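Protein chains in written order, with this note's numbering: chain A, 1 to 617; chain B, 1001 to 1150; chain C, 2001 to 2268; chain D, 3001 to 3112.
Idealized CB from N, CA, C, for every residue including glycine.
Quantities reported herein were computed from a predicted structural model and do not represent experimental measurements.
For reference, the structure is listed below as structure tokens.
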Ligand SMILES: Cc1cc2nc3c(=O)[nH]c(=O)nc-3n(C[C@H](O)[C@H](O)[C@H](O)COP(=O)(O)OP(=O)(O)OC[C@H]3O[C@@H](n4cnc5c(N)ncnc54)[C@H](O)[C@@H]3O)c2cc1C
Ligand code: HEM
Ligand code: SF4
Ligand code: F3S
Ligand code: FES
């Protein structure tokens, strides 16, 4: 271990903190040290798209807690939007408009323009990499309709979603992985990033390394890098009912949050109305498009009461809210009266088998319910985090409304550019991960080409070492499973589609108590190899942090907009809230009053072409 | 606990060496010979075990009588070659699956040796066969033998 | 406690009684590399609902009884390929196997997939599996640089549709008796992924992949036992894919269908 | 799986029988007496049953061999592999039903 700084410029003063000098691959005091120009955290769609750009141009490493092909991008079904105009007239400007309107005007319009414009190349890139899109009779990429995508600013639905059967996400994930294999991308599989090291350079915090925990061995690795890209996906697991994977615990967003960097628009979470009850597995909107009907316990078609004209085809947010209301007022079906029913029985076996084979299979497999003869239990399911790590259009992470953190990038669901505003349009997320994943990769390389390595302090790994050892030695009485369950249930009850100041206050209280109980947690697995017990505890820590920011930001936004529906403030309030929420961690998270450790700020929305209008279809 | 070797130590595709591809031809041979063997073996079994009084009918005279005809000679030579090579190659597959290292080599050599040995032996027997060996008693040899025409 | 009677009662009265939890015994093959010399079987009783999956049962053990139980999982609905394991002697995804579809009057036996090195409990080392995958060059090899998409007819796209569904769960490879013998065989999953490109009309690397699989450890080792086809949670006709590759090797080319495009000149 | 296990077992068994069979048949080249002596042992009841097993084994191996060949070369063979397997079993039973009674009668006749 050397006390010398590798940075030649800082030789003058000996009072600088101690820095580590090491070779790539060195092991010092049991900690492994690596050095790469670019380090990407996460190997979902966004991470691998970035790796495909960065891999060939710079010394790149990808750290991922899952084998790349296990990432949740693979679960996406519907499609990926791009105005190719392969089947009918379309252009990217219409796509921009739809995105802005879909996001209830909280979208940064410069970013939305890039999204829509670069969508076309993003699709061709994927096709050229080998993605097996469905084809038109002319052999071109086929396209289909999707909610909210229209021609000429809302005149009629347009066929804009490129797709590969109902497995678009799967194909994207596989294709990107295949190309990573082709390029020989350097993956560190089943490495959990748990911290980012910030080094003070000329009084400013600069990211110098990522600290990761290797699942197989329990060893700690420090990855020094010039550019670091976060692509760690969403955090749907703060909710009980979610379409998200067990592993979507928002680690990346949590790491950034703990460093005092801001998180943007965290109150906006998309709830998809038709998830399989209790499981959250998604049933496509297409079912209602085909004529399926939502019913309560007494068989009543309750949407008739709430939306007399469009009934079951009302927007996602409205339907989700009505469903929750039915259940809250005791009209839920089932033994616990905790779900409503999606009735497809009148559609007939043929429509179900041919047009909706997937949901038919899911319902049969997972609920043992055959949609041909019985209605399917459904409830809204937490689906997508619109908010996340704030970035600009170069995918650079921001430390406030406009200051860039040099060398730090974020892309995909963990980031907030913001192209989704307060409500994401279907098929725009697969697009987001490709467009901004690619950008992140390119800008990260560009930066790494000229930048110097930021020195890594000697104690770089100590935070993670402490976290891991403390938890491993923890012999408390609280079970992680029980704490997580309570968090998720309370979030479902109080911070789901239907929020009031009262409910949000209640769940804030829950989170505070859970945080206290979390200190007394019991870790039964004391081993080093594949200690998933320990990692679930760490993940729960991130979930608690993020749930609190979501709730706190939601409490502060006293209006209803897109995915954020406040019952006590049921309308959109552009005068006060036409702006992004920026939340910062400013104190000890254990303090009783959330306002003692979270502070909020606002960030203006970038408006280029489209002035806010009432959102109706 | 399962322990396995590293998969396929450095891979050299067939094109790199351009040798005869034994795996492919072996595979094809198993099928081609299989088809022929169905005819040959069932014919053989039918004639030997089913016609007449089954295995009781078999004795030197029966065999010699059959082999007096070139038709059956060719039949049996073909069956001998096809079946032994088919079986030998099949045994090779089985050994490759379950035996490793020295044991594998030993077993493979044993199989190869017995196949070659038996093919040579069987072919010699068939080609040099004399249905009426000198000095054999008439009741043991076929009726057409000179012993019996006296 | 083994409450077999409860299980029998509720199973007979399903689905009405499905809201009543019943007790199921899991017998899990445990192995902790830091402690055990050999794997051993351990029983757990869990309270389950008819609609629960084996994955839920494993979670209940991990979350409420024994936190040391280790297994992989992510999506929980059969699309990520994390949790292939041997359940009652058959390779399945734990998240796609419902308790009620098993015979709950008997204990459920759960162990890691076979043929790959056991790491801990239900976790195996997947590296040999992925090494075979990488060896068949699982990516599009094409020299042209089109401005837009490459043209491919609907029929050409259909030829390899089945094998694009693979989620690399290893259920097939680790159910193959030939793979069990020495782990040297490429295995069905690698062949499935080679098939996906060999029969893609846009690909130019078919010959290379056919050569790789025309090898000692290639397709000829498949003895058409069909275990792979039966294990595949995505319903891929694995053995058929292998047969297609064998046929292509014998033929010397993939024998793709001709482009049947109804192309109208786009010059105007 | 089981079709393959049986195919393998029967294949190996037949191979070993064939080794012995070629050797004993070769005795014809040496002396008719020697050959007949050996062939007579085939006519004991125990080996009579063994012969039945041999025919059963060859029968299964051959029928299943044809099934494998169909799977390999018939474009929809893989899809019907289970059906083909049951056909193999059915034909095999028919084959044995034809052969076994005669063989058993022969065995009994030999014993008396
Ligand atoms: C059921 C479902 C259906 C959907 N359908 C559509 C659709 O049709 N169209 C559409 O556009 N969008 C859809 N979406 C949304 C879209 O799929 C996701 O938002 C998008 O795939 C997210 O990609 P990502 O790369 O950001 O994250 P992910 O694919 O989730 O990847 C996250 C990666 O980060 C890694 N990671 C996480 N934490 C750590 C850590 N601590 N250390 C190291 N690595 C870590 C993981 O290993 C993983 O590789 C759907 C989402 C769901 C859940
Ligand atoms: C009667 C006609 C026969 C047919 C149709 C036949 C067919 C086949 C076929 C197609 C295979 C290849 C199996 C595969 O690749 O999975 C095979 C394998 C084999 N055969 Fe035959 N065969 C016949 C007779 C014989 C005979 C007479 C013997 C013994 C000498 C024999 C011994 C074997 C062996 C040992 C194998 C290898 C088994 C394995 O790899 O699992 N077969 N047979
Ligand atoms: S072919 Fe099927 S069983 Fe094999 S890895 Fe792919 S999905 Fe899994
Ligand atoms: S299980 Fe194995 S033997 Fe062939 S048919 Fe499947 S690869
Ligand atoms: S957890 Fe993803 S396939 Fe089972």
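- Along the stretch 346-426 of chain A, the beta strand (DSSP E) occurs as fully enclosed runs of 3 or more residues at 376-385, 396-398 and 404-410, listed in sequence order.
- Sequence-distant partners of residue 601 of chain A (beyond 5 residues in either direction) whose C-beta falls short of 6 Å from its own C-beta, in its chain, are 582.
- In this structure residue 84 of chain A is in contact with residue 162 of chain A, their Cβ atoms being roughly 7 Å apart against a cut-off of 8 Å.
- The residue from A/394, A/335 and A/467 with its alpha-carbon nearest to that of residue 444 of chain A is A/394.
- For the pair of segments examined, the stretch 2235-2251 of chain C was found to touch the stretch 2188-2203 of chain C: the number of CB pairs separated by less than 8 Å reaches three.
- With a cut-off of 7 Å, the C-beta of residue 2093 of chain C is classified as near ligand 5, since at least one heavy atom of the ligand falls inside that distance.
- Remark: the shortest separation between the CB of residue 135 of chain A and any heavy atom of ligand 5 does not fall under 7 Å.
- Where residue 2048 of chain C is concerned, the enclosing beta strand (DSSP E) starts and stops at 2040-2048.
- At a cut-off of 8 Å between C-beta atoms, residue 1100 of chain B counts as an interface residue with respect to chain C.
- The C-alpha of residue 191 of chain A is placed about 25 Å away from the C-alpha of residue 2174 of chain C.
- When DSSP assignments are scanned along the stretch 266-348 of chain A, the uninterrupted stretches of alpha helix (DSSP H) that are 4 or more residues long and fall wholly within it turn out to be 286-289, 303-306 and 316-328.
- When secondary structure is reduced to three states using DSSP, residue 162 of chain A falls in the strand class.
- The residue from C/2157, C/2048 and C/2043 with its alpha-carbon nearest to that of residue 2022 of chain C is C/2048.
- Residues of chain D whose Cβ lies closer than 7 Å to the Cβ of residue 1092 of chain B do not exist; the shortest such Cβ separation is about 11 Å.
- Beta-bridge analysis with DSSP links residue 2120 of chain C to C/2123.
- In this chain, the alpha helix (DSSP H) harbouring residue 1107 of chain B covers 1101-1127.
- Note on geometry: alpha-carbon atoms of residue 538 of chain A and residue 2086 of chain C lie some 29 Å from one another.
- Under DSSP, residue 434 of chain A takes part in no beta bridge, so it has no partner.
- Contact between residue 3103 of chain D and residue 3052 of chain D holds: their C-beta atoms lie close to 5 Å from each other, under 8 Å.
- Here the stretch 193-208 of chain A lies against the stretch 454-474 of chain A, with 3 or more beta-carbon pairs under 8 Å apart.
- Contacts with chain D at 8 Å (Cβ-Cβ) include residue 2243 of chain C.
- With respect to chain D, the C-beta atom of residue 2253 of chain C has no partner C-beta closer than 8 Å.
- DSSP, reduced to helix, strand and coil, places residue 579 of chain A within a strand of the structure shown.
- Chain A has a Cβ within less than 8 Å of the Cβ of residue 2098 of chain C.
- Note that the stretch 462-477 of chain A touches the stretch 512-525 of chain A; at least 3 beta-carbon pairs, one per stretch, sit closer than 8 Å.
- In the three-state DSSP reduction, residue 564 of chain A falls in the strand class (E or B).
- Distance from the CA of residue 352 of chain A to the CA of residue 2233 of chain C, rounded to the nearest whole angstrom, comes to 21 Å.
- Listed by position along chain B, the residues whose Cβ is nearer than 8 Å to that of residue 2088 of chain C form an empty set, because the closest Cβ is around 20 Å away.
- Around residue 2249 of chain C, the same chain offers 2210 and 2214 as residues with beta carbons nearer than 6 Å, after the five sequence neighbours per side are excluded.
- Annotation for residue 2104 of chain C indicates a beta carbon at 7 Å or more from all heavy atoms of ligand 4.
- Under DSSP, no beta-bridge partner is assigned to residue 2036 of chain C.
- Between residue 94 of chain A and residue 152 of chain A, the CB-CB gap stays under 8 Å.
- Between the stretch 253-263 of chain A and the stretch 61-68 of chain A there are fewer than three C-beta pairs closer than 8 Å, too few to call the two in contact.
- Membership of residue 2090 of chain C in the beta strand (DSSP E) is indicated by the continuous run 2090-2093.
- Counting along the chain, residue 97 of chain A sits inside the alpha helix (DSSP H) bounded by residues 92-102.
- Counting only Cβ-Cβ distances below 8 Å, residue 3062 of chain D has contacts in chain B at 1034, 1037, 1038, 1041 and 1042, in chain order.
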